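Residue numbering for the sequence shown follows the working numbering, starting at 6 and increasing by one per position. Note that the Cβ used here is the ideal one computed from N, Cα and C, for glycine as well. These numbers come from a predicted model, not from an experiment.
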Amino acid sequence: MINLLFDQNLDNGLAILYSILVLVALGAIFAFLLCLFFQIFKVKEDLRVREVEKKLPGYNCGACGNPGCHDMAEKLVSGEIKDPSLCKPGKKETNFDPIVAYLAANPAPIYEEETKKEKEN
Ligand code: SF4
Numbered sequence: 006m007i008n009l010l011f012d013q014n015l016d017n018g019l020a021i022l023y024s025i026l027v028l029v030a031l032g033a034i035f036a037f038l039l040c041l042f043f044q045i046f047k048v049k050e051d052l053r054v055r056e057v058e059k060k061l062p063g064y065n066c067g068a069c070g071n072p073g074c075h076d077m078a079e080k081l082v083s084g085e086i087k088d089p090s091l092c093k094p095g096k097k098e099t100n101f102d103p104i105v106a107y108l109a110a111n112p113a114p115i116y117e118e119e120t121k122k123e124k125e126n
């Protein structure tokens, strides 16, 4: 097929058509590979991290010893940090108590696929 593209006798219109077909075929192949690799390498995120992060003050100040609130939320969810009051700007009523209550109510990881299935049922 490539030889056809460089054939001197080939009509220019046909060469353009072949070029378009080759580009479409390459696009389809790469789109398929992209979808395949996305499915193979996708990282399942525990949705509790997002919920805990929303309950933190969100200053990303690092006073808790973590680079930001997201890392603090990850460690709280994983159990690496048990005490949310390490967050210096946080308040007991508005931040710490809701986090402790949420993690007590949701001790197991929550993944997006599970929440979709629950909504469908
Ligand atoms: S101390 Fe609190 S506000 Fe600051 S980064 Fe840590 S969790 Fe976020």
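Alpha-carbon spacing of residue i relative to residue j, whole angstroms
| i | j | result |
| --- | --- | --- |
| K47 | A20 | 40 Å |
| I86 | G73 | 14 Å |
| E118 | D51 | 11 Å |
| T99 | F35 | 48 Å |
| K60 | L38 | 38 Å |
| E79 | L26 | 48 Å |
Where residue i falls: helix, strand or coil (DSSP)
| i | result |
| --- | --- |
| I86 | coil |
| G18 | helix |
| Y116 | coil |
| K96 | coil |
| P103 | helix |
Other residues of its chain near residue i: CB distance less than 8 Å, five sequence neighbours each side excluded
| i | result |
| --- | --- |
| L108 | R53, V57, L81, V82 |
Cβ shell of residue i (< 6 Å), same chain only, five flanking positions each side left out
| i | result |
| --- | --- |
| L91 | C69 |
Residue ranges of each alpha helix (DSSP H) within the region 31-69, 4 or longer: The region 31-69 contains these whole alpha helix (DSSP H) runs: 52-60.
Exercise answer, beta-carbon shell around the ligand SF4 heavy atoms below 6 Å: Residues with a Cβ closer than 6 Å to any heavy atom of the ligand SF4, in chain order: L61, P62, Y64, N65, C66, G67, A68, C69, N71, G73, C74, M77, C92, K93, P94, G95.
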